[in-house]
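Reading through the structure tokens given below for one structure.
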Amino acid sequence: MPLTLYNTLSRRKELFTPADPNRVTMYVCGPTVYGYTHVGNARPAVVFDVLYRILKDRYPLVVYARNITDVDDKINAAAKKDGVPIDVITSKFAKIWHDDMGAFNVLRPTIEPHATQHIPQMLRMIQDLIDRGHAYAVEGHVLFHVPSFEKYGALSGRNRDDMIAGARVEVAPYKKDPADFVLWKPSTPDLPGWDSPWGRGRPGWHIECSAMIDAHLGETIDIHGGGHDLIFPHHENELAQSTCAHGGTRFVGIWMHNGFLTMNREKMSKSVGNIISSNEALKSTPGEALRWAILSAHYRQPLDWSDDSTLQAKRTLDRLYGALDQVADIEETDENPPEAFVAALEDDLNTPAAMAEISALARALNSSTDAAEKAKLKGQLLAAGALMGVLQQKPSDWFAAAPKAKLVDVAEVERLIAARNEARKTRNFAEADRVRAALDNLGVLIEDRADGTKWRMKE
RNA sequence: GGCCGAGUGGCAGAGUGGCCAUGCAGGGGACUGCAAAUCCCCGUACGUCGGUUCGAUUCCGGCCUCGGCCUCCA
Numbered sequence: 146m147p148l149t150l151y152n153t154l155s156r157r158k159e160l161f162t163p164a165d166p167n168r169v170t171m172y173v174c175g176p177t178v179y180g181y182t183h184v185g186n187a188r189p190a191v192v193f194d195v196l197y198r199i200l201k202d203r204y205p206l207v208v209y210a211r212n213i214t215d216v217d218d219k220i221n222a223a224a225k226k227d228g229v230p231i232d233v234i235t236s237k238f239a240k241i242w243h244d245d246m247g248a249f250n251v252l253r254p255t256i257e258p259h260a261t262q263h264i265p266q267m268l269r270m271i272q273d274l275i276d277r278g279h280a281y282a283v284e285g286h287v288l289f290h291v292p293s294f295e296k297y298g299a300l301s302g303r304n305r306d307d308m309i310a311g312a313r314v315e316v317a318p319y320k321k322d323p324a325d326f327v328l329w330k331p332s333t334p335d336l337p338g339w340d341s342p343w344g345r346g347r348p349g350w351h352i353e354c355s356a357m358i359d360a361h362l363g364e365t366i367d368i369h370g371g372g373h374d375l376i377f378p379h380h381e382n383e384l385a386q387s388t389c390a391h392g393g394t395r396f397v398g399i400w401m402h403n404g405f406l407t408m409n410r411e412k413m414s415k416s417v418g419n420i421i422s423s424n425e426a427l428k429s430t431p432g433e434a435l436r437w438a439i440l441s442a443h444y445r446q447p448l449d450w451s452d453d454s455t456l457q458a459k460r461t462l463d464r465l466y467g468a469l470d471q472v473a474d475i476e477e478t479d480e481n482p483p484e485a486f487v488a489a490l491e492d493d494l495n496t497p498a499a500m501a502e503i504s505a506l507a508r509a510l511n512s513s514t515d516a517a518e519k520a521k522l523k524g525q526l527l528a529a530g531a532l533m534g535v536l537q538q539k540p541s542d543w544f545a546a547a548p549k550a551k552l553v554d555v556a557e558v559e560r561l562i563a564a565r566n567e568a569r570k571t572r573n574f575a576e577a578d579r580v581r582a583a584l585d586n587l588g589v590l591i592e593d594r595a596d597g598t599k600w601r602m603k604e
């Protein structure tokens with residue numbers, strides 16, 4: 146079945162056709178590690194993780210790079226504030242990022258290039274741009290000359306006049322053109338810097354991605370992703386740099402951009418201050434539920450984040466894991482995900498529609514009375530879950546992961562349950578109900594099933 | 001100001017020219033000692049005004065409202 150993806154550049158869905166089916170390449174802009182990342186930052190990680198899983202499923206080799214920006218003025222500021230070298234800050238928050246994304250079931254990309262480890266590649270690309278007449282050095286800076294690239298503005302759909310009319314670009318006196326942007330800038334002695342032909346300095350924001358893509362993936366990549374806010378200027382500039390550095394070779398097959406996460410309908414953003422960090426969210430909600438909540442809206446749509454949305458996601462997963470729990474003793478057969486499910490994902494990653502198919506599977510599983518059919522449905526449900534990055538843990542672990550161990554004395558709960566079952570055996574239902582009320586007081590919900598009494602914490 | 005998006009039932013959120021999304025919550029039923037879980041059924045949803053059409057939530061146009069980018073930003 147064909148995979149169709151929306152290309153920001155062409156503004157329509159396109160058939161995904163990798164340049165080399167034996168080596169599919171994808172690059173996604175990762176975090177700048179100067180602090181805790183918020184749930185909005187997790188969205189592209191999760192969304193493109195689903196795409197990565199789909200691609201891996203159908204191509205022999207997928208090289209997926211997601212960078213870590215570890216040199217940046219905000220990092221410098223954070224390091225200065227703490228009086229430490231920048232790598233103390235960046236390694237700390239890179240680790241937190243990894244741990245958090247792990248909790249969201251986000252697979253590690255094939256490579257995670259760090260900006261500071263690619264300074265030579267950046268310098269080389271800058272030199273290439275100068276040699277080809279697309280960049281110029283002035284006063285310790287190197288600037289990309291925007292008028293030298295005819296197609297500038299195609300990705301973001303804006304022309305130069307619009308941008309100048311906007312007039313919020315910094316018009317430094319040394320710029321040949323107001324739209325020119327920095328490839329390299331000088332560092333004062335108190336700032337991190339690297340030697341370069343243009344003096345000691347540090348890279349501009351956009352060059353790292355271009356240089357690292359070139360170094361690890363090649364001149365042309367199949368997919369480039371990131372948040373919607375990166376379209377301009379970041380990706381527009383990347384596109385210009387890379388294309389010009391390569392003498393006009395096509396840079397990216399399909400540009401993909403995820404919509405924002407909002408809080409009360411307003412973009413979640415550090416500068417607005419309405420953020421909830423992934424790290425914090427994970428303290429009260431399982432990562433898998435957060436992942437489900439993120440995927441419950443189509444990736445290009447805005448997604449309003451709230452306690453209610455995560456609670457709904459958690460309850461939905463309770464039901465799905467409940468269905469799997471019923472067949473915990475049945476060995477699943479090896480299955481592919483159902484076609485309707487796959488078709489939904491193939492349609493520009495329509496995860497909400499895919500979820501509807503997962504629900505249908507769970508319902509069928511709950512209804513089935515035939516062991517062979519159950520084994521098949523279980524296999525399909527697990528296969529579908531694997532593609533979305535959910536439902537892969539043991540149901541008992543999912544239900545146990547709640548903070549129940551912290552909140553109650555497990556032995557006491559089990560003693561009460563045993564006492565209640567004793568009472569039930571002798572049909573002393575008044576006593577049984579009394580014990581249940583006691584359990585209820587502890588926040589414990591019980592469930593009598595054919596294979597015994599199960600319990601879990603109420604929300 | 002320029003350029004983009006979006007407005008769907010109590011909530012979240014797909015989608016479609018005429019019929020079902022799905023989930024959560026709620027109501028009814030089955031099952032159960034009772035619960036819980038599960039299954040079945042239910043609620044006359046598509047911002048607004050026009051246009052096209054036999055028929056529009058879905059296509060076209062106006063309007064209103066909201067959000068985003070144009071500056072660091074996933």
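So the mapping is simple: the working numbering equals the position in the first sequence, first residue as 1, plus 145.
For every residue, glycine included, the Cβ atom is placed at its ideal position computed from N, Cα and C.
Using DSSP with H/G/I as helix, E/B as strand and the rest coil, what is residue i?
i: residue 311; result: Here residue 311 scores only 46 on pLDDT, less than 50, and its place in the model is too uncertain to base an answer on.
i: residue 623; result: Because the chain in this structure spans residues 146 to 604, residue 623 falls outside the shown range and cannot be described.
i: residue 333; result: coil
i: residue 367; result: strand
i: residue 136; result: Here the chain covers residues 146 to 604 and nothing more, so residue 136 does not appear.
i: residue 146; result: coil
i: residue 377; result: helix
i: residue 571; result: coil
i: residue 539; result: coil
i: residue 412; result: strand
i: residue 372; result: strand
i: residue 155; result: coil
i: residue 555; result: helix
i: residue 446; result: coil
i: residue 328; result: strand
Going by C-alpha to C-alpha distance, which of the options sits closest to residue i?
i: residue 242; options: 257, 229, 230 and 228; result: 257
i: residue 459; options: 444, 449, 445 and 439; result: 439
i: residue 432; options: 535, 192, 485 and 418; result: 535
i: residue 421; options: 450, 443 and 444; result: 450
i: residue 365; options: 356, 525, 293 and 526; result: 356
i: residue 321; options: 292, 331, 351 and 173; result: 292
i: residue 209; options: 174, 220 and 182; result: 174
i: residue 281; options: 328, 267 and 385; result: 328
i: residue 371; options: 192, 150 and 169; result: 192
i: residue 554; options: 236, 584 and 575; result: 584
i: residue 414; options: 302, 180 and 480; result: 180
i: residue 246; options: 188, 442 and 163; result: 188
i: residue 441; options: 470, 416, 490 and 411; result: 490
Exposed or buried, residue i, counting other C-beta atoms within 10 Å across all chains shown (16 or more means buried)?
i: residue 194; result: buried
i: residue 512; result: exposed
i: residue 436; result: buried
i: residue 146; result: exposed
i: residue 161; result: buried
i: residue 530; result: buried
i: residue 312; result: With a pLDDT of only 49 at residue 312, under 50, the local geometry of the prediction cannot be trusted, and no value is derived from it.
i: residue 249; result: buried
i: residue 595; result: exposed
i: residue 382; result: buried
i: residue 298; result: buried
i: residue 334; result: exposed
i: residue 253; result: exposed
i: residue 390; result: buried
i: residue 550; result: Low confidence applies to residue 550: its pLDDT is 49, below 50, so where it sits in the model is not reliable, and the reading given next is rough at best. With fewer than 16 Cβ atoms within 10 Å of its Cβ, residue 550 is classed as exposed.
Tell me which residue opens and which closes the beta strand (DSSP E) that residue i is part of.
i: residue 286; result: 286–289
i: residue 592; result: 589–594
i: residue 601; result: 597–602
i: residue 346; result: 346–348
i: residue 149; result: 149–152
i: residue 406; result: 406–408
Tell me the residue span of the alpha helix (DSSP H) that contains residue i.
i: residue 582; result: 574–586
i: residue 424; result: 423–429
i: residue 322; result: Element bounds for residue 322: n/a, residue is neither H nor E.
i: residue 609; result: Residue numbering for the chain in the displayed model covers 146 to 604; residue 609 lies beyond these limits and cannot be assessed.
(Q) As an exercise, report each continuous alpha helix (DSSP H) stretch of at least 4 residues that is fully enclosed by the stretch 157–218, in chain order. (A) 184–203
(Q) Runs of 4 residues minimum, wholly inside the stretch 461–523: which ones carry the alpha helix (DSSP H) assignment? (A) 484–491 and 496–512
**Q.** Contained alpha helix (DSSP H) runs [length at least 4] in the stretch 243–293, N- to C-terminal order
**A.** 264–276
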